[in-house]
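Chains as they are written, first to last, in the numbering used here: chain A, 12 to 338; chain B, 12 to 338.
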């Protein structure tokens, strides 16, 4: 039997990634396009189709070899009906029947899921969590999200909203997250936007930092993960202090997850982790182990970096779409 | 075929409960004995056997109708080998082969599990969670523990230590739990021992409270759940203030569980909840709903009181023992 392929799509606020993926999770080809989110759903859907065309072209495959399409989107999703209820950072998406639109491009089953959940599935199946039976992926970017794998399968929850690990309270009555969400939740303490807030507050209060120069070079833009990494490499005391505190909170959060759910592995991904790598993962691991209640678990819990980078979501979406064909 | 029965045992620091249970979770008879924990494992195991004899006697069953024994014990358990590694509040229990000892009483398979996990199973199968597919039980007593049900089955975790929901951090750098555990964890904030600590601290600092008289009547003993309930019924401002704060933290903890895990139901049991009932569960529910991230989930998440009271553990242990026969 000829191999069957799926196209996986990671729909983000700034970019769309489409990948042609086989049943083993290998990427045959991938294409990236700017989302142009400000132009609204119709344009964005056309951009997704263009990305799929390009990926298919690069893979030198005819469309009929694609048996399923999987898409991960950042927001509230009605997976059962293939409808996007609303998206974070993509204006105008209200009850958009995206599965139906994509079936117009190619008449195959379309699976729609949360962007972070598909990334967790990607990491589980062919990334850091390969062969692991239970894991929680934590993605630390502008916000913090995650995905849970139980008995080798994604745990989607009763209302399909499981995995919002960014909104676990770690510091009751603590700060609000810049993007909303729960007061004192880990997103409010350790996301890139929380780190950005803490750094700017300290600089505004007179703390010296190489960030002041680094941001001037960039025209005072956002404190991206690569700016953070550069400041750390220059041993900037303020950046290191703020990131250490974020890592401390992430470690308490990891300990909470370990104590409550006892997964085989925690996987850390997202921009902040990709930028800082083992430097920050090691800190999270140390704090988590100090706060794990079951002393016998200390040595066996694996706390590791994600492996697939920006492709995790597209790969996971494609694999979930292929899985859905079997059921 | 004649009905098959199991004996379920809840081994506690102060009492042992043995119940004869059928496959539907009905209790035919139950017997309670003081544990006499201070006399060490050998005496305690003899007390367990006496409780089983009495329960069997009261059920008017011959021993050969019992096809399995299930036991829940408060501590670190090696379920696979039927060995108690160590127990909380029961001195001298180090690597005790309890399954082997109980098979001497009757040669049937013995299932050993964590006391809180078996109580969660009891509540799931025949208590508040009947018919629910995913739930988390939170037991608020001297400590705080829990049990997780995923896809109708207990989720035991990778190292069999899942369910330590009492050791999720809710207030980073907060107080330590009187019984040890994690700093700022929910056990350190809202368990009976944390409530006791906060009340005594306030009274020592000069706050007036009816507790002073209530405890004198009892010879200055522990602030039990029934003392708390009495103080609330007398509208004692200090007790109400301390319990409201505990309920607030429990609500943040509930929101964290809902956001991360999205279970169909949260079930609250244990002494503090039994003593205060819907008065405290309603507060937990309100705070949880205010802090749940998925607004569409607000109305559908069920936050309810446990139903089986002190029998939950024995019933759950018996049902888990019967389940184990099938596999």
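Cβ coordinates follow ideal geometry from the N, Cα and C atoms, glycine included. If you're wondering where the values come from, they're calculated on a predicted model, not measured in any experiment.
Can you pull the DSSP bridge partners for residue 124(B)? Locating residue 124(B) in the second chain gives position 113, where the first residue counts as 1. The partner list for residue 124(B) (beta bridge, DSSP) reads 83(B).
Run through the stretch 152 to 186 of chain B for me and flag every whole beta strand (DSSP E) of 3 or more residues, listed as ranges in chain order. Listed in chain order, they are 155 to 161.
Suppose the cutoff is 6 Å on Cβ atoms and the five residues either side in sequence are ignored; what does the same chain contact list for residue 221(B) look like? Position 210 of the second chain, counted from the first residue, corresponds to residue 221(B). Counting only Cβ-Cβ distances below 6 Å, and skipping sequence neighbours, we find 242, 245, 247.
Which same chain residues, not among the five before or five after residue 34(B), have their C-beta less than 6 Å away from its C-beta? Residue mapping note: residue 34(B) aligns to position 23 of the second chain, counting from 1. The answer, listed in chain order, is 333.
Answer yes or no: do residue 329(A) and residue 81(A) have a C-beta to C-beta separation smaller than 8 Å? Walking along the first chain from the start, residue 329(A) turns up at place 318. Walking along the first chain from the start, residue 81(A) turns up at place 70. The Cβ atoms of residue 329(A) and residue 81(A) sit closer than 8 Å to each other.
Rounded straight-line distance, which links the Cα of residue 138(B) to that of residue 318(B): Here residue 318(B) corresponds to residue number 307 of the second chain, with the count starting at 1. Here residue 138(B) corresponds to residue number 127 of the second chain, with the count starting at 1. Cα to Cα, the separation comes out at about 5 Å.
Contact criterion: CB-CB distance below 8 Å. Does residue 40(A) meet it with respect to chain B? Counted from its first residue, the first chain places residue 40(A) at position 29. Closer than 8 Å: no.
CB-CB length for residue 336(B) against residue 165(B), believed under 8 Å: For the purposes of this step, residue 336(B) is identified with residue 325 of the second chain, where counting begins at 1. For the purposes of this step, residue 165(B) is identified with residue 154 of the second chain, where counting begins at 1. For a cut-off of 8 Å, the C-beta gap from residue 336(B) to residue 165(B) is around 16 Å, too long to register as a contact.
Please work out which residues of its chain come closer than 7 Å, Cβ to Cβ, to residue 98(A), disregarding the five sequence neighbours upstream and downstream, and give them in chain order. Here residue 98(A) refers to the residue found at position 87 of the first chain. Closer than 7 Å at Cβ, skipping near neighbours: 84, 85, 86, 104.
Have a look at residue 223(A) and residue 274(A) and give me their C-alpha separation to the nearest angstrom. Working through the first chain from its first residue, we reach residue 223(A) at position 212. Working through the first chain from its first residue, we reach residue 274(A) at position 263. Residue 223(A) and residue 274(A): Cα-Cα distance of roughly 41 Å.
8 Å Cβ cut-off: residues of chain A touching residue 274(B): On the second chain, position 263 is the one that residue 274(B) refers to. What residue 274(B) touches in chain A, judged by beta-carbon distance under 8 Å, is 168, 169, going in chain order.
Taking Cβ positions only, does residue 175(B) come closer than 8 Å to chain A? By 1-based counting over the second chain, the position of residue 175(B) is 164. With a threshold of 8 Å between beta carbons, residue 175(B) makes contact with chain A.
Below-8 Å beta-carbon distance, residue 278(A) vs any chain B residue: Stepping through the first chain from its first residue, residue 278(A) is reached at position 267. For residue 278(A), the answer is no, since every Cβ of chain B falls outside 8 Å of its Cβ.
Which residue from 253(A), 207(A), 185(A), 21(A) puts its Cα closest to that of residue 46(A)? In the first chain, counting from the first residue as 1, residue 46(A) sits at position 35. Of 253(A), 207(A), 185(A), 21(A), the residue nearest in Cα terms is 21(A).
Proximity below 8 Å, CB of residue 271(B) to CB of residue 38(A): In the second chain, residue 271(B) corresponds to position 260, counting from 1. In the first chain, residue 38(A) corresponds to position 27, counting from 1. No; because the gap between Cβ atoms is not below 8 Å, this pair is not in contact.
Contact defined as beta carbons within less than 8 Å: I believe residue 277(B) pairs with residue 147(B). What is the distance between those atoms, to the nearest angstrom? Counted from its first residue, the second chain places residue 277(B) at position 266. Counted from its first residue, the second chain places residue 147(B) at position 136. That belief holds up - the Cβ atoms of residue 277(B) and residue 147(B) are roughly 5 Å apart, short of 8 Å.
Would you mind reading off the limits of the beta strand (DSSP E) that contains residue 105(B)? In the second chain, counting from the first residue as 1, residue 105(B) sits at position 94. Under the DSSP assignment, residue 105(B) falls in the beta strand (DSSP E) whose first and last residues are 105 to 107.
Looking at the structure shown, is residue 311(B) part of a helix, part of a strand, or coil, going by DSSP? Indexing the second chain from 1 puts residue 311(B) at position 300. Coil at residue 311(B), not helix or strand.
Pull up the DSSP beta-bridge partners for residue 331(A), would you. For this step, residue 331(A) is matched to residue 320 along the first chain. DSSP, once it has assigned bridges, lists no residue as partnering residue 331(A).
Could you have a look at residue 348(A) and say whether DSSP puts it in helix, strand or coil? There is no way to answer for residue 348(A), as the model of chain A reaches only from 12 to 338.
Please classify residue 93(A): is it buried, with 16 or more other beta-carbons within 10 angstroms of its beta-carbon, or exposed? The residue given as residue 93(A) occupies position 82 in the first chain. Result: buried.
Neighbour flag for residue 145(B) against chain A, beta carbons, 8 Å: Numbered from its first residue, the second chain carries residue 145(B) at position 134. At a cut-off of 8 Å between beta-carbon atoms, residue 145(B) makes contact with chain A.
What residues match up with residue 45(B) in a beta bridge as DSSP calls it? Looking up residue 45(B) in the second chain gives position 34. DSSP lists 26(B) as the beta-bridge partner residues of residue 45(B).
Which bits of chain A does residue 267(B) rub up against, with CB to CB less than 7 Å? Taking the first residue of the second chain as 1, we reach residue 267(B) at position 256. Neighbours of residue 267(B) on chain A, chain order: 179, 180.
Can you tell me the Cα-Cα spacing of residue 44(B) and residue 66(B), whole angstroms? By 1-based counting over the second chain, the position of residue 44(B) is 33. By 1-based counting over the second chain, the position of residue 66(B) is 55. Counting only the Cα atoms, residue 66(B) lies some 11 Å from residue 44(B).
Using 8 Å as the limit for Cβ to Cβ distance, is residue 7(A) near chain B? Examination of residue 7(A) is not possible in this model, given that chain A is present from 12 through 338 alone.
Taking only heavy atoms of the ligand SAH into account, decide whether any of them is closer than 7 Å to the Cβ of residue 265(B). Within the structure as shown, the ligand SAH is missing, as the structure has no ligands at all.
Quick one: what does DSSP say residue 286(A) is sitting in, helix, strand or coil? Along the first chain, read from residue 1 onward, the residue named residue 286(A) stands at position 275. Helix.
What residues match up with residue 260(A) in a beta bridge as DSSP calls it? By one-based count along the first chain, residue 260(A) stands at place 249. Looking at the DSSP assignment, residue 260(A) forms no beta bridge with any residue, so it has no partner.
Apart from the five residues just before and just after residue 77(B), which ones in its own chain have a Cβ nearer than 8 Å to its Cβ? Translated into positions along the second chain, residue 77(B) becomes position 66. Sequence-distant partners of residue 77(B) (beyond 5 residues in either direction) whose C-beta falls short of 8 Å from its own C-beta, in its chain, are 16, 17, 18, 31, 67, 117, 119.
Where do the N-terminal and C-terminal ends of the alpha helix (DSSP H) with residue 226(A) fall, by residue? On the first chain, position 215 is the one that residue 226(A) refers to. Start and end: 222 to 228.
Would residue 135(A) count as contacting chain B if we go by Cβ distances under 8 Å? As a working note, residue 135(A) is residue 124 in the first chain. Output row for residue 135(A): interface = no.
Mind checking which residues open and close the alpha helix (DSSP H) that includes residue 54(B)? Looking up residue 54(B) in the second chain gives position 43. Residue 54(B) -> alpha helix (DSSP H) spans 52 to 70.
How would you list, in chain order, the residues of chain B whose beta-carbon sits under 7 Å from the beta-carbon of residue 192(A)? As a working mapping, residue 192(A) is identified with position 181 in the first chain. Neighbours of residue 192(A) in chain B, taken as residues at a C-beta separation under 7 Å, are given in chain order as 304.
Where does residue 97(B) fall in DSSP's three states? Within the second chain, residue 97(B) is the residue found at index 86, counting from 1. DSSP places residue 97(B) within a strand segment (E or B) once states are collapsed to three.
Comparing the C-beta of residue 270(B) with each C-beta of chain A, is any distance below 8 Å? Counting from 1 along the second chain, the entry for residue 270(B) is found at position 259. Closer than 8 Å to some Cβ of chain A, the Cβ of residue 270(B) qualifies, so yes.
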